[in-house]
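Structure, rendered in structure tokens:
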């Protein structure tokens, strides 16, 4: 039996040889396209203005562990037209020179991060510094208002506690008088009960039975009055305890004021961030080889088939 020929393998080898022959034949074309593509890309990449990154980080003011304004609220205000207009008016910046600033609140922190990519880093740095000044000024004002509110609340609580304490003293004094009145009625009750045996007619004639019933009714009313008086005292004491708890909390907050602080002052990155000269050149080299090879095979095909067309 004769061995079968491996035609596909031979055809593949022939194709590769033909491709290599075309590439070697048209190497000048490929090289020219490669050099042109890389050269043009390198030229424009080099001429492209460099961009720099400017960033800064600060924290918001905290009172008693709570922000006077949340980081999200500060970010919303910092990105508003109010700050933008103020800064443009002060320094004469145009809309074109005002950068697009990215604000961010890192998760689970009271920090605010500012970042911008620009071609004029010194101007952007000045803008960042002014934004921080405006925010700090606002934070101081809000903090002072918060402190005034807390101080006012503290004074109001102390005043109310003094009033309630006086009311409690008056109620306790009244309670003592009620106890004395109750004791007198109980003594009267015992005296009436100890008058000795008597029949119903005698009771009706001398009125002792009615007196006894009247005294007992007054004793019952007096006990109810004493109970209400004690209940008022208890409620007022609970109110004082509640006020005292709030007062302690407010005074604690007043001792735990953490003012706004610039964690990282506005700074310019040392190296440009987006000229990407090397990256652009590599991409251009790959594209140049592809275009040069494509043009080489196109010219080869045209040379073989132009007479047929």
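Numbering (my numbering), first residue to last: 3 to 311. All C-beta atoms, glycine included, are put in the ideal place defined by N, C-alpha and C. As the structure is a prediction and not an experimental result, all values here were calculated from the model.
| Check | Outcome |
| --- | --- |
| So the candidates are 127, 31, 236; which of them puts its Cα closest to the Cα of residue 295? | 31 |
| Would you kindly check if the distance between the Cβ of residue 286 and the Cβ of residue 39 is under 8 Å? | yes |
| Among 57, 177, 145, 188, which has the Cα closest to the Cα of residue 134? | 57 |
| DSSP three-state call for residue 58: helix, strand or coil? | strand |
| Using a 10 Å radius around the Cβ and a threshold of 16 neighbouring Cβ atoms, would you call residue 8 buried or exposed? | Any reading at residue 8 is ruled out, since the residue's pLDDT is 48, under 50, leaving its predicted position unreliable. |
| Once you ignore the five residues that flank residue 293 on each side, which residues in its own chain have a CB closer than 7 Å to its CB? | 35, 39 |
| Quick one, are the C-beta atoms of residue 221 and residue 173 less than 8 Å apart? | no |
| With a cut-off of 8 Å on the beta carbons, I'd call residue 53 and residue 119 a contact; round off their distance for me. | 5 Å |
| At the level of alpha carbons, what is the spacing between residue 179 and residue 164? | 23 Å |
| Where residue 144 and residue 99 are concerned, what is the direct C-alpha to C-alpha distance, given to the nearest angstrom? | 31 Å |
| What does residue 115 pair with, by DSSP beta-bridge criteria? | 59, 106 |
| Which stretch, first to last residue, makes up the beta strand (DSSP E) that contains residue 98? | No beta strand (DSSP E) contains residue 98, which DSSP labels as neither H nor E. |
| Going by C-alpha distance, which of 59, 253, 166 is nearest residue 104? | 59 |
| Can you tell which of 185, 265, 140, 229 has the C-alpha that lies nearest to the C-alpha of residue 218? | 185 |
| What are the boundary residues of the alpha helix (DSSP H) that residue 143 is part of? | 123-195 |
| Would you grab the beta carbon distance between residue 89 and residue 258 for me? Rounded to a whole angstrom, and I think it's under 8 Å. | Rounded, the Cβ-Cβ distance is 33 Å, inconsistent with contact. |
| Can you pull the DSSP bridge partners for residue 286? | DSSP, once it has assigned bridges, lists no residue as partnering residue 286. |
| Does the beta-carbon distance from residue 137 to residue 80 come in below 8 Å? | yes |
| Quick check on DSSP: helix, strand or coil for residue 256? | helix |
| In whole angstroms, what separates the C-alpha of residue 189 from that of residue 155? | 50 Å |
| In chain order, what residues of the same chain have a beta carbon less than 6 Å from the beta carbon of residue 132, not counting five sequence neighbours either side? | 89 |
| Along the alpha helix (DSSP H) that carries residue 92, what are the first and last residues, could you check? | 83-93 |
| Tell me the DSSP secondary structure of residue 247 in three-state form. | helix |
| Measuring straight from C-alpha to C-alpha, what distance separates residue 263 and residue 62? | 7 Å |
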